[in-house]
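Going by my numbering, the sequence shown opens with residue 155, and the numbers climb by one from there. The beta-carbon is built from N, C-alpha and C at its ideal position, and this holds for glycine as well. Source: prediction; values computed, not measured. Data first, discussion second: the structure below is written as structure tokens.
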Amino acid sequence: MTAPSTFGLSSEARNLHWLLTNLVEEVPGIQSVAVVSSDGLLLLSSDPGHAAEAREAGETPRSGPRGSAADLATVVSGIGSLTLGAAKLMDSGGVKHTMVAMEEGSLFVMSISDGSLLGVHGSADCDMTVVSYHMALFVGRAGHVLTPELRSELRKSMESKSTGSPR
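Put into structure tokens, the structure is as follows:
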């Protein structure tokens with residue numbers, strides 16, 4: 155993974171980028187990560203330039219969460235909404251963590267704050283316990299700084315990266 159550019163961002167936004175980069179680089183088996191707002195918009199990802207790079211190279215974008223961070227964000231948002239509805243229906247309180255184990259991978263979704271979600275797509279051989287532990291560390295460190303102002307800044311940053319326009 156190449157580190158995303160954090161030029162022009164606040165110190166809080168740069169710290170979140172650092173935390174995300176650290177999560178991806180330190181935990182074996184993580185393929186991609188997305189932080190999603192409560193309204194389903196991508197705020198931060200492990201591959202923010204992937205879509206722009208694919209367009210520049212003339213590649214056909216791949217489908218599914220491996221294809222782009224936006225695809226992972228869509229899946230994470232959908233699963234978050236589904237599990238939140240299930241928890242309300244079952245009168246079981248808030249959803250803390252959801253895990254989907256597949257034959258060739260895993261998907262983890264964890265609540266951050268105010269409805270924001272952390273989603274991780276892991277390889278088939280990732281250690282689910284280690285991934286969950288490091289996600290909890292990320293949430294603990296990021297949850298208190300993910301203010302509405304910071305979410306707005308991150309959203310604008312992601313929009314400018316996806317369109318290729320300068321910040």
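Per-residue burial, residue i [other beta carbons within 10 Å of its own, 16 or more giving buried]
i    : result
A278 : exposed
S311 : buried
L226 : buried
Cβ pair residue i, residue j closer than 9 Å
i    : j    : result
S186 : V274 : yes
D231 : V190 : Looking at the sequence shown, residue 231 is not Asp but Ser. Yes, Cβ-Cβ distance for S231 and V190 is below 9 Å.
M244 : F262 : no
S200 : I184 : yes
V249 : A255 : no
L304 : A167 : yes
Reference residue i, options the options, closest by Cα
i    : options                   : result
M289 : R305, S265 and L308       : S265
L197 : A224, G248, M256 and E258 : A224
S192 : S306, T283, A255 and M253 : S306
C280 : F292, V293, S260 and S199 : S260
V293 : H251, L226, S222 and G239 : H251
G276 : P182, G234 and E303       : P182
Per-residue DSSP class, three states only, for residue i
i    : result
G259 : strand
V189 : strand
G276 : strand
A211 : Its pLDDT being 46, under 50, A211 is placed unreliably by the model, and the measurement read from it follows with that caveat. In the structure shown, A211 sits in a helix (DSSP, three-state: H, G or I).
M264 : strand
G297 : coil
Exercise for the section: State whether the stretch 292-304 contacts the stretch 256-273, with contact taken as three or more CB pairs (one from each stretch) at a distance under 8 Å. Expected result: yes
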